[in-house]
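Q: For any residue, its number in my numbering is found by taking its place in the sequence shown, counting from 1, and adding 1.
Yeah, the Cβ is synthetic: ideal placement off N, Cα and C, and Gly gets one too.
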Amino acid sequence: ETRGHCLHITLNRPRAINALTHAMVRLLDGALAGAEQDETVTSVVLAGAGDRGLCAGGDIRALHDDTRAGGRASLEFWRDEYRLNARIARFPKPYV
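#1: One question on the structure: do Glu37 and Phe78 come within less than 8 Å of each other, judged by their Cβ atoms?
#2: From which residue to which residue does the beta strand (DSSP E) around His9 run?
#3: In the DSSP assignment, find the beta strand (DSSP E) that holds Ala48 and state where it starts and stops.
#4: Does the beta-carbon of His9 have 16 or more other beta-carbons within 10 angstroms, so that it is buried, or is it exposed?
#5: Apply the 10 Å Cβ neighbour rule to Gly34 and answer buried if 16 or more other Cβ atoms are within range, or exposed otherwise.
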């Protein structure tokens with residue numbers, strides 16, 4: 002949601018301390034890519050739903066289950082999650 006010139010993003014998995022699913026990683030990456038190109042957005046605020054924490058990191062339960070089942074989804078998650086981390090590290094606008 003954009004308020005004024007600030008993009009507000011809320012991670013919304015409070016029962017899992019907002020642990021990132023692969024879909025969340027892709028959505029967050031897309032939102033930041035859009036904000037980077039949007040000249041009307043001058044900053045980004047990231048928040049976590051609930052009162053237990055901003056984000057627990059990746060959803061290790063889903064990653065564990067996929068790995069045990071011999072799946073490849075966990076590899077794809079880590080690829081995209083590291084790409085997101087790189088985007089955040091070089092993000093050209095204030096990011097809180």
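A: Concretely, from the data shown:
#1: no
#2: 7-12
#3: 44-49
#4: exposed
#5: Checking the displayed sequence, the identity of residue 34 turns out to be Ala instead of Gly. Exposed is the call here.
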